[in-house]
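Taking it in order: structure first as structure tokens, then the write-up.
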Amino acid sequence: MSYILRNNKEVLIISIISISLSIFFAFFFLFFLTGIAFEQEADATAAEDIAAITQGGVTPQSPLYATDRFFERVGLFFAFNRSARAAQLTAIAEERLSEARALSEDDDERAEVLVEEYETTLERASLEAELSGNETTEARFSEQVARHFSVLDRVAEQVPEQARESIVAARERSVENHIAVMRTLAEKNPERAAEVFAGVAERRANATARKADDEGEDEAERAREINARAEEFGKYAEFGEEISLIAQGLRTGETTVKNLVDRATAQHIQVLEDVRARVPVEALQGIDSALQNARRVQGVIPGALSDIQIEERIEARRGEAADRREEAIQRIQENGGKVPAPVRSPLLDRARESAPQDTGARTAPSPSGIRNEQDALREATQQVEQQQGKSDAGGTLRGLPTPARGI
0 MSYILRNNKE VLIISIISIS LSIFFAFFFL FFLTGIAFEQ EADATAAEDI AAITQGGVTP
60 QSPLYATDRF FERVGLFFAF NRSARAAQLT AIAEERLSEA RALSEDDDER AEVLVEEYET
120 TLERASLEAE LSGNETTEAR FSEQVARHFS VLDRVAEQVP EQARESIVAA RERSVENHIA
180 VMRTLAEKNP ERAAEVFAGV AERRANATAR KADDEGEDEA ERAREINARA EEFGKYAEFG
240 EEISLIAQGL RTGETTVKNL VDRATAQHIQ VLEDVRARVP VEALQGIDSA LQNARRVQGV
300 IPGALSDIQI EERIEARRGE AADRREEAIQ RIQENGGKVP APVRSPLLDR ARESAPQDTG
360 ARTAPSPSGI RNEQDALREA TQQVEQQQGK SDAGGTLRGL PTPARGI
């Protein structure tokens, strides 16, 4: 009897060990295969983005290139409203980006100049979209530009090292222009802006992960590029927080927006935490900063802030956008273009409606800074009118940057 019990006990122990090992290996392969699938999905998204930017049919190497550029100007001339001009300029910017990609694959140094033209043209397109007041125009621009960064990554990897810095700088400015248009979209439709945010932030997080795995590159250069991509992700993460605040301020789908932003951000944090374990020491600062921005997004609690506190936070973020717009308008004026009249945002309109009316008597400043913005808009409008006469709401941003020598 004791022999049977001892034998049964051994069988039981062996069975428990076998089951434990089976569970362990099942989880191991599950996580392993999930990681492989995630990496393949990220690479597939980048490849799709690159393929979505149509390869330019006529490049600067063709004798027909000048003719091709002429017809671009003709098409832009007949774009009679801001939405049409935004679409036409975005298409032209994508053409320059496609040409830059083609030349970079041939080690042609003119790719750097084409990226500069891309960035300048995209800035004009972003300003037209931003001031169009048209939600569909803003959404289309935001969704299209989200695909551009994978192409810029590819160009930056293929151009000579001395040209790489200017490519990365152009990419960073394009991120800022992209966020500016997404901000105006968020003030009309926070849910749609949150969807675009989730996609583009995921792309930049995955781009950071891809560069972390690129061990064939010089260590210092690899660290710089990881930091640059992580910083770009961080800017989108900050904007994710802003979308949640805007939704609360508008009282439009704030719960849906918060859930969408939080789910996306949790995935982004997981990617970056995994990246942190395999990047050079020099890149840790950029990764940690990006993670800090992402975790701050998760700290936005619906209903925790008053309307005044929400508006104050949004006003703090508007400062950078105002500086960017001022610089863009200045460049347009230097090139002889007309400055479009400013448009108001729904969030600002709602704040103004609830603000005390100006009766001529001295009143205390608004805590949210709304009166300061009204004064700034009024002064900016007066300056434009003095310089150019009455501002034309249908003013054009026609023309392209003058082609660089040799292009």
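Counting in numbering that gives the first Met the number 0, the sequence shown runs from 0 upward without gaps.
The beta-carbon is built from N, C-alpha and C at its ideal position, and this holds for glycine as well.
> Does the distance from the CB of A204 to the CB of V270 come in under 8 Å?
Replying inline: Yes, the pair counts as a contact, with Cβ atoms nearer than the cut-off.
> Pick from N133, A50 and T183: whose alpha carbon is nearest that of A246?
Replying inline: When N133, A50 and T183 are compared, the shortest CA-CA separation from A246 is found for T183.
> Residues in its own chain within less than 6 Å of A263 by CB, not counting five upstream and five downstream?
Replying inline: Only A197 meet the Cβ criterion.
> Apart from the five residues just before and just after A185, which ones in its own chain have a Cβ nearer than 6 Å to its Cβ?
Replying inline: In chain order, A192, I242 and I245 place their CB closer than 6 Å to the CB of A185, counting only its own chain and leaving out the 5 sequence neighbours on each side.
> When we look at the beta-carbon of D48 and count the other beta-carbons within 10 Å, is it buried (16 or more) or exposed?
Replying inline: Buried.
>> Taking contact to mean 3 or more Cβ pairs, one atom from each stretch, closer than 8 Å, check whether the stretch 118-129 and the stretch 64-77 are in contact.
In response: The stretch 118-129 vs the stretch 64-77: no contact.
> Helix, strand or coil: which one does DSSP assign to L67?
Replying inline: The sequence given here places Asp at residue 67; Leu does not occur at that position. Correct three-state label for D67: helix.
> Taking C-alpha atoms, which residue in T119, P62, L96 and E216 lies nearest to A327?
Replying inline: Comparing alpha carbon positions, the residue from T119, P62, L96 and E216 closest to A327 is T119.
> Do the CB positions of L102 and T135 come within less than 8 Å of each other?
Replying inline: No. Outside cutoff.
> Given that a residue counts as buried once 16 or more other Cβ atoms are within 10 Å of its Cβ, and exposed if not, what is R100?
Replying inline: Its Cβ being crowded by 16 or more others within 10 Å, R100 is buried.
>> I need the straight-line Cα distance from R324 to S131, nearest angstrom please.
In response: Going from the Cα of R324 to the Cα of S131 covers about 14 Å.
> Does DSSP put S288 in a helix, a strand or coil?
Replying inline: In the three-state reduction of the DSSP assignment, S288 falls in the helix class.
> How would you call D212, buried or exposed, if buried means at least 16 neighbouring beta carbons within 10 angstroms?
Replying inline: With fewer than 16 other Cβ atoms within 10 Å, it is exposed.
>> Within the continuous alpha helix (DSSP H) that includes R202, where are the two ends?
In response: Start and end: P189 to A211.
> Can you round the beta-carbon distance between A489 and A236 to whole angstroms, since I take them to be within the 8 Å contact cut?
Replying inline: With the chain covering only 0 through 406, there is no way to say anything about residue 489.
>> Is A211 a contact residue of the ligand GTP, with contact defined as CB to any heavy atom under 7 Å?
In response: The ligand GTP is not part of this structure, which contains no ligands at all.
> Under the three-state reduction of DSSP, which class applies to I166: helix, strand or coil?
Replying inline: Three-state DSSP puts I166 in a helix.
> Beta-carbon separation of F140 and A206 under 8 Å?
Replying inline: No.
> Which one of D217, H177, L259 and D273 has the shortest CA to CA distance from K234?
Replying inline: When the alpha-carbon of K234 is set against those of D217, H177, L259 and D273, the nearest one is in H177.
>> Quick check on DSSP: helix, strand or coil for E186?
In response: Coil, per DSSP.
>> Mapping the DSSP letters down to three states, classify S61 as helix, strand or coil.
In response: Residue state, collapsed to three classes: coil.
> Ends of the alpha helix (DSSP H) at V256?
Replying inline: E253 to R275 is the span of the alpha helix (DSSP H), which, as asked, contains V256.
>> Does E214 come out as helix, strand or coil in the three-state DSSP assignment?
In response: E214 falls in the coil class under three-state DSSP.
> Between S286 and A229, which are expected to be in contact by the criterion C-beta below 8 Å, what is the C-beta distance as a whole number of angstroms?
Replying inline: Looking at the sequence shown, residue 286 is not Ser but Ile. Going by Cβ atoms, the distance from I286 to A229 rounds to 5 Å, so yes, they are a contact pair.
> Do E218 and P159 have their C-beta atoms closer together than 8 Å?
Replying inline: No, the Cβ-Cβ distance between E218 and P159 is not below 8 Å.
>> According to DSSP, is E129 part of a helix, a strand, or is it coil?
In response: In the displayed model, E129 falls within a helix according to three-state DSSP.
> Between the beta-carbon of I166 and the beta-carbon of V199, is there less than 8 Å?
Replying inline: Result no, Cβ atoms of I166 and V199 do not sit closer than 8 Å.
> On the three-state DSSP scale, how would you describe A78?
Replying inline: Coil.
>> Which residue wins for smallest C-alpha separation from V154, given the options E190, V296 and L96?
In response: Minimum Cα distance to V154 is reached at L96.
> Between E71 and I91, is the Cβ-Cβ spacing less than 8 Å?
Replying inline: Yes, Cβ-Cβ distance for E71 and I91 is below 8 Å.
> With 16 other CB atoms within 10 Å as the buried threshold, where does A276 fall?
Replying inline: Exposed: under 16 other Cβ atoms inside 10 Å.
> Given E93, which residues of its chain have a CB within under 6 Å of its CB, disregarding the five upstream and five downstream residues?
Replying inline: If we look at E93 and ignore the five residues flanking it on each side, its Cβ neighbours are I52.
>> Just to confirm the assignment: which complete beta strand (DSSP E) runs, minimum length 3, are found wholly within the stretch 90-115?
In response: Entirely contained in the stretch 90-115, not one beta strand (DSSP E) run reaches 3 residues.
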